[in-house]
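One structure is given here, and the rest of the page talks about it.
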Amino acid sequence: MSIVVVTSGVTLVGVLVDSPTPTIPQRRIPEQRRAPVDDAVEVARARLRKGWRLEAAQLLDRCLQARQLDRIDDQILLERWAYAQDRCTGNGRTALTDPVLQRAIAWVTAEELTAADRALAADRPFAAARFGLAADKIDPRGCRSAFLQATAMHRAAQKSLARAAEVGEEEILAEGPEAVGPLDFTGLTTESPQARDPRRTVPAHLQRADRCLRKAIPLILRASADPELRLECDWLSSAVERMLHGLTERRATTDRMAAACACLVDYDAFVRHYADQALRSPADRSSFRSSLAALGARVDRLLVLSPPGSAEARLLTTLAGGVTNMHRAFTP
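The letter at position 318 of the sequence shown is residue 347 when you use the numbering used here, and the numbering goes up by one with no holes.
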């Protein structure tokens, strides 16, 4: 805009230029100002791990205020602040959504979850389970922790079943049912129960596998609440059910074989007892017949319950033949 002014014959020309609208300079956040906030968030995480919930919530509240002052929209910090505030209300129901809750728990228990993953990769299931339990002590609602513990229990059950199979092969007697004659059982030798560690027997390994599988079931249910883990939980649940079904059959077979071996031990003791004794008096003959009849009835009862063609059925069949031959030999 131009203005012309005339004064005493002199023409003055002045030019007025519109001044621009003043602008507010954009505030740049230096990196050194962001670093202390990140450090404070890590300090708050350490406090949450120790159970200092109120102190962690207060620190995260100041961190969130600093971000808002710098006009930074930090959704991750907002979630962690909300988690700390929620933990201050106790261990009851949470107001957070499941995805937010699980992300926050994974953030707080990152060390334990990483250690559990490494233990599973190194085939150390019980160590992985211990790391999962340590994560649960910080917050027992973690789905990832539950899944790692369930996987560890499934892996431990697999190892127990493998050890049971190895022990079972080692416990096969050299004088098996096929090598034992129906008339002479005096050469049989059995290992004393005190000679073996009860924690390393086949029933002990099977019982340990059953206990691990049953511990995995509620952990799988807890882990399946996370949609990201649902498919893996479905597969793991099916695997645990199959193993439990097979384990039930295996334990039944082991129990039947243990009962048959107990009959073998009693029969061997019976033969050794009467090998050097002459049945002279009627009382001796009556005691012999009653004891032999009781042993024969016990063998027959177990033989009926054993599947045809099984190892215990073959052993019991051989014992039944020995009882019959002994009855014929010593009974007039």
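Cβ atoms here follow ideal geometry from the backbone N, Cα and C, with glycine treated the same way. Remember, it's a predicted structure, so these values are computed and weren't measured experimentally.
Evaluate residue i with the Cβ neighbour count: other Cβ atoms within 10 Å of its Cβ, from every protein chain shown; 16 or more gives buried, anything less gives exposed.
{"i": "S319", "result": "exposed"}
{"i": "V8", "result": "The question about residue 8 has no answer, for the chain in this structure spans 30 to 361."}
{"i": "R76", "result": "buried"}
{"i": "G171", "result": "buried"}
{"i": "L334", "result": "exposed"}
{"i": "A323", "result": "exposed"}
{"i": "R271", "result": "exposed"}
{"i": "D239", "result": "buried"}
{"i": "D115", "result": "buried"}
{"i": "L98", "result": "exposed"}
{"i": "D67", "result": "exposed"}
{"i": "D102", "result": "exposed"}
{"i": "D152", "result": "exposed"}
{"i": "I105", "result": "exposed"}
From this set, the options, which residue's C-alpha is nearest residue i's C-alpha?
{"i": "L125", "options": "W110, A139, T138, V137", "result": "W110"}
{"i": "R96", "options": "L107, Q87, A86", "result": "L107"}
{"i": "R229", "options": "L248, I246, K244, V196", "result": "V196"}
{"i": "E141", "options": "R78, E84, L321, D99", "result": "R78"}
{"i": "L273", "options": "I246, S315, P256, D102", "result": "I246"}
{"i": "D127", "options": "L265, L348, D255, P336", "result": "D255"}
{"i": "R237", "options": "G119, L190, L332", "result": "L190"}
{"i": "A298", "options": "V352, W264, S310, S315", "result": "V352"}
{"i": "G80", "options": "N120, R100, S315", "result": "N120"}
Which residues in the same chain have their Cβ closer than 6 Å to the Cβ of residue i, if we skip the five residues on either side of it in sequence?
{"i": "D146", "result": "none"}
{"i": "S253", "result": "R259, C262"}
{"i": "G161", "result": "A145, S174, L177, Q178"}
Return the CA-CA distance between residue i and residue j, expressed in angstroms with no decimal places.
{"i": "R251", "j": "R132", "result": "15 Å"}
{"i": "R192", "j": "C241", "result": "14 Å"}
{"i": "D313", "j": "Y303", "result": "10 Å"}
{"i": "M355", "j": "G325", "result": "11 Å"}
{"i": "D213", "j": "Y296", "result": "Residue confidence for D213 is low, a pLDDT of 38 falling below 50, so the modelled location carries little weight and cannot support an answer."}
{"i": "K244", "j": "R285", "result": "26 Å"}
{"i": "R343", "j": "G350", "result": "11 Å"}
{"i": "L149", "j": "A158", "result": "9 Å"}
{"i": "L130", "j": "R82", "result": "15 Å"}
{"i": "P211", "j": "L293", "result": "With a pLDDT of only 35 at P211, under 50, the local geometry of the prediction cannot be trusted, and no value is derived from it."}
{"i": "K188", "j": "F317", "result": "47 Å"}
{"i": "D329", "j": "E278", "result": "22 Å"}
{"i": "T123", "j": "E257", "result": "20 Å"}
{"i": "A289", "j": "E341", "result": "6 Å"}
{"i": "S266", "j": "I249", "result": "7 Å"}
{"i": "T397", "j": "L332", "result": "The structure shown does not extend to residue 397, since the chain is modelled only from 30 to 361, so the question has no answer here."}
{"i": "E220", "j": "A291", "result": "Any reading at E220 must be qualified, since the residue scores a pLDDT of 43, below 50, and its modelled position is unreliable; the value itself is stated next. If you take the alpha carbons of E220 and A291, they lie about 11 Å apart."}
{"i": "H234", "j": "T283", "result": "11 Å"}
{"i": "V300", "j": "P337", "result": "27 Å"}
{"i": "A113", "j": "A281", "result": "51 Å"}
{"i": "S339", "j": "L321", "result": "25 Å"}
{"i": "P311", "j": "L276", "result": "50 Å"}
{"i": "A224", "j": "A194", "result": "Per-residue confidence for A224 stands at a pLDDT of 44, beneath the threshold of 50, marking its modelled position as unreliable; the derived number appears in the next sentence. Going from the Cα of A224 to the Cα of A194 covers about 20 Å."}
{"i": "T143", "j": "A135", "result": "10 Å"}
{"i": "P357", "j": "S315", "result": "For the record, residue 357 in the displayed sequence is Arg; it is not Pro. Each residue's Cα considered, the two are about 15 Å apart."}
{"i": "R100", "j": "W264", "result": "46 Å"}
{"i": "D165", "j": "A287", "result": "40 Å"}
{"i": "L88", "j": "A139", "result": "20 Å"}
Counting only the same chain and skipping the five closest in sequence on each side, list residues whose C-beta sits under 7 Å from that of residue i.
{"i": "Q94", "result": "none"}
{"i": "C117", "result": "R82, L83, A86"}
{"i": "V137", "result": "R74, L77, R78, I167, D168"}
{"i": "D90", "result": "W110"}
{"i": "A268", "result": "H183"}
{"i": "P206", "result": "With a pLDDT of only 40 at P206, under 50, the local geometry of the prediction cannot be trusted, and the value read off the model is given with reservation. These residues qualify, in order along the chain: R343, L344, T347."}
{"i": "A163", "result": "E141"}
{"i": "R327", "result": "C292"}
In its own chain, which residues sit with a C-beta less than 8 Å from the C-beta of residue i, not counting the 5 before and 5 after it?
{"i": "F155", "result": "A181, A185"}
{"i": "C92", "result": "V66, A69, V70, A73, L106, W110"}
Please decide whether residue i counts as near chain B, where near means a Cβ-Cβ distance under 7 Å.
{"i": "E140", "result": "In the displayed structure, chain B is absent; only one protein chain is listed."}
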